[in-house]
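> I'd like to ask some things about the structure below.
Protein chains in written order, with the working numbering: chain D, 4 to 271; chain H, 4 to 271; chain E, 4 to 271; chain S, 4 to 271.
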């Protein structure tokens, strides 16, 4: 029964991705992380409506690409599902999406100052960071992207890029895999915080186009992405009180395992 | 016996609201959160004097709207009770009040720069954020709002709005419910922090009046407010070491509950 | 045997004050908190040399006012004892001193911008914040205040005030009691952080002289000082894993104490 | 068998140094800390590729100075080993190296504003902080220092100094001992954060050359370095849940040890 297991694994990973990004202070009570269904590209997975730091595997539901739940449900759903459905429709290469209001990204959504890759890890944002202003297509709104045409407009603004800033609202980030998405989402937020501090110092000299291409590619290889995932994942375990690593080893030195064994388990 | 239970519930919620807002770094050793009595609109509930992060249900006492304790007590009371009593008198639509000195709000109280809604969640501050300067009515004081006439002056400055900035002192926020108050208090503080960073980047383009109305209404609906409350509440439980969620599940995988059951309990 | 107990109590309080201020990120690996001996005004109490966050009652030693240990010892001592001895000699009204390099205070020591009380709790710094530059009296040094004449120079610069900024180094704060010192030290640091953010917004309008006097006096009364102490103390207990408050109550609801009893214990 | 023990000790210390610097938010998912082999100056010790906060003694491998593993291995290795090998080759006086992308250091790598010692603890950076721009020698790259000639170029830029800033990338810090390296790395990052805030206030008056020499020497003596190491080490233990200090004492007062005994154990 490989299909159910793949879906269970996806649910576990997606719930964890929600909690990891929240634990790194990029998501708070709002925002959401989704992924395309692992075996059916015409569906995507998304939690029921709750703070992303609280999302558990059983919260994850299936949606069609027009952002409707596959199975009828009476649980509360996120209002901004069309952000995700719109992008999965427009971008077959995208398999994971995060929408957020990170404190370091919002100042760029408000000031209009361009967000730029200012160090190699920020290069994962790509060469172009489009701005989308809901007023252009829809005039005065509540700024929430809840209608299919709003999701489609945002997806058009994203175009072939990997992040779109949403004026007076936040950002939406895309990835070819969930792991890549988590990496890109967190390091763009870190890059933004650094760029603001560089503005305090008075001058910002970003990467050039060629450096962005090269550094973006290098850092999104499986090795760096897996390394960062492990790091944020352990930090989440620590925050949730489920981390059992060094604790068992140093707290109870008498029961310490033989070194060889421990190493074998940790190697990858 | 519905009345005693309603009051007990209110005490629990109000104590928790004090601790939640403190846990989000909006309150510190000082400041206070109050609510109108759940069955007697001529009274309000407020803790005895202690840091809001420490407030427990048994600390909550009843006060008349002229800010006097209903029952004689020899515990130490907050000096600024009239902030709350004054607003409950002037505003029958207000059922919860928070007075605080949040680090992100204070710079606006000092610089005179206008606090503006710069993203949709900040729209909960409303279109107008009045400034109150104790010097105008009372000249040089210790800046504490402790006299009935001071509370009344502040309530007049608040007018029909939802937050009033107090020069060289802090802010006072109001809500129609305790849950709404918590949401508004925390997200105005977050909005203020973002606005300061946007000033670093050089330009601040806030929401317009229509967007403020629409986004404010949308985000103060029961769904978003409950979602944020659950998030801050779990974060408080984690900080207090009382969180039992994922911990039991991952720490002792053998005792894991059947998935269906778990989901049923978590759904709302 | 009242005298030994008073000294033991003082050691407990002083160790806790060191850890509390460090837990609030005002002290780091360096800096120190001292108090005058509770029964012998010709002596003061200070930890052996270790990070203030680690100080335990048994680390506390007695020193004469010329900053020499009363009993010979081979443990490592702080190099800057004369900061404390110098002030205890010059200021009989001072019974506690903290020397630190708080991240929010240092920018004022480097830029020369005047630190001002910008909200009521910052008024505890007083109307005058003198600057001391070690170059004036001693030319180029390692910036450490280790010689008796350096301590005396700093004490002269402090004069009758409550904090002295030390250029390119940090600050030294004084109090009439240990509790007052902790309050003043932490809230001046908070005031400094807020003032920096107000500079970002472009304008700083501080308290006037009369407001500083009135608000300083009000906040240093026993009530507010005890309230803040309790708050920082509980936060320390949480950080050290020794907090037993709400945990026992919510974790094991069956063993919950009768409400009346609990309240009686918590009241003061 | 003194040699194996020395190596085991070095592995323990190096793993801890990685985790300590990460726990102080100077390292994140990336960056690395290495040390020269304790008995063979022609080798250095470095973890396999993983987030430094996760590094355990068994992760530490031996490398030749041309940055190749001494024993063949199939575990993933850091790509930037030549940063370390290049410096150990060029600088026989250097016995520990840290490469990082600290949030407070990066703005200086982007803006070109000079990083200066602005308080005594920052003097450990030394009088000269060279800038290295990978474009000068290698044109457009992915900014990663992975080729031997790149490592050699960076080592030349470092010259006889103790830190080199890497434009659009981060910094590399050197020390004569591991303990000194940890001290210098963390306090330069703290100095950078303070300097940025001083820029907000408008003016930066750094230490002069003589003060840098004197304060740098003073603070890198064994006493201050050991004091800081103990502090960061206990903070790491707290973060990892392995701290057993005050917890046992206050949590179970009946089992409290005799004071004399406790003191004897803590003294050094």
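Backbone N, C-alpha and C define an ideal beta-carbon position, used for all residues, glycine too.
With burial defined as no fewer than 16 other Cβ atoms inside 10 Å of the residue's Cβ, what is the status of residue 42 of chain H: buried or exposed?
exposed
> Quick one: Cα of residue 163 of chain H to Cα of residue 94 of chain H, how far?
So the two alpha carbons sit approximately 8 Å from each other.
> Find the residues of chain S that neighbour residue 200 of chain D, judging by a C-beta separation of less than 7 Å, and give them in chain order.
110, 199
> DSSP state of residue 177 of chain E, grouped into three classes?
strand
> Can you give me the C-alpha to C-alpha distance between residue 178 of chain D and residue 19 of chain D, rounded to a whole angstrom?
16 Å
> Which residues of the stretch 11-36 of chain H have a Cβ closer than 8 Å to any Cβ of chain D? Give them in chain order.
none
> So is residue 68 of chain E in contact with chain S if we call contact Cβ pairs under 8 Å?
no
> Quick one: what does DSSP say residue 103 of chain H is sitting in, helix, strand or coil?
strand
> Going by DSSP in three states, residue 166 of chain H sits in which element: helix, strand or coil?
strand
> For residue 147 of chain H, which residues in chain E fall below 8 Å Cβ to Cβ?
Those within 8 Å of residue 147 of chain H in chain E are 123, 218, 221.
> Pull up the DSSP beta-bridge partners for residue 65 of chain H, would you.
H/48
> For residue 247 of chain S, count neighbouring C-beta atoms within 10 Å of its own C-beta (all shown protein chains included) and say buried if the count is 16 or more, exposed if not.
Looking at its Cβ environment, which holds fewer than 16 other Cβ atoms inside 10 Å, residue 247 of chain S is exposed.
> When the distance is taken between beta carbons, is residue 215 of chain H closer than 8 Å to residue 105 of chain H?
no
> Measuring CB to CB, does residue 29 of chain E end up less than 8 Å from residue 103 of chain E?
yes
> Helix, strand or coil for residue 2 of chain H per DSSP?
Lying outside 4 to 271, the shown extent of chain H, residue 2 of chain H is not represented and no answer is given.
> Return the first residue and the last residue of the beta strand (DSSP E) that residue 36 of chain E is part of.
35-39
> Using Cβ-Cβ distances below 7 Å, what residues of the stretch 73-103 of chain H are close to chain E?
78, 79
> Starting from residue 72 of chain H, follow its DSSP beta bridges and name the residues at the other end.
H/66
> For residue 135 of chain E, which beta-bridge partners are listed by DSSP?
E/169
> What does residue 54 of chain H reach in chain E if we use C-beta pairs closer than 8 Å?
230, 231, 233, 234, 237
> Under 8 Å, do residue 207 of chain H and residue 113 of chain D count as touching if we go by C-beta distance?
yes
> Mind listing the chain E neighbours of residue 213 of chain S? Cutoff is C-beta to C-beta under 8 Å, in chain order.
Result: 143.
> Which term fits residue 44 of chain D, buried or exposed, when burial requires 16 or more other beta carbons within 10 angstroms of its beta carbon?
exposed
> Could you name the residues of the same chain whose beta carbon sits closer than 7 Å to that of residue 51 of chain D, not counting the 5 residues immediately before and after it, in chain order?
When the five nearest sequence neighbours on each side are left out, the beta carbons in the same chain lying within less than 7 Å of the beta carbon of residue 51 of chain D are those of 62, 64, 78, 79, 80, in order along the chain.
> Determine the contact status of residue 124 of chain D and residue 193 of chain D, defining contact as a CB-CB distance below 8 Å.
yes
> In the stretch 152-180 of chain D, which residues sit with their C-beta less than 8 Å from some C-beta in chain H, listed in chain order?
Within the stretch 152-180 of chain D, the qualifying residues are 170, 171, 172, 173.
> Indicate the three-state DSSP secondary structure (helix, strand or coil) for residue 130 of chain H in the structure shown.
Note: residue 130 of chain H maps to coil in three-state DSSP.
> With the cut-off set at 8 Å, would you say residue 191 of chain E and residue 27 of chain E are in Cβ contact?
no
> Applying the criterion that 16 or more other CB atoms from any shown protein chain within 10 Å of the CB defines a buried residue, is residue 14 of chain D buried or exposed?
buried
> With distances taken from CA atoms, which of H/142, H/200, H/9 is nearest residue 40 of chain H?
Nearest of H/142, H/200, H/9 to residue 40 of chain H, Cα basis: H/9.
> Please list, in chain order, the chain S residues whose beta carbon lies closer than 9 Å to that of residue 206 of chain D.
113, 114, 115, 116
> Going by C-alpha to C-alpha distance, which of H/157, H/33, H/143 sits closest to residue 218 of chain E?
Closest option to residue 218 of chain E, Cα to Cα, is H/143.
> Checking contacts by CB at 8 Å: is residue 184 of chain S closer than that to chain D?
No, its Cβ sits nowhere closer than 8 Å to a Cβ of chain D.
> So for residue 193 of chain D, helix, strand or coil by DSSP?
helix
> Closest Cβ-Cβ distance between residue 203 of chain H and chain E: below 8 Å?
yes
> Look at residue 161 of chain H and residue 148 of chain H and say whether their C-beta atoms are less than 8 Å apart.
no
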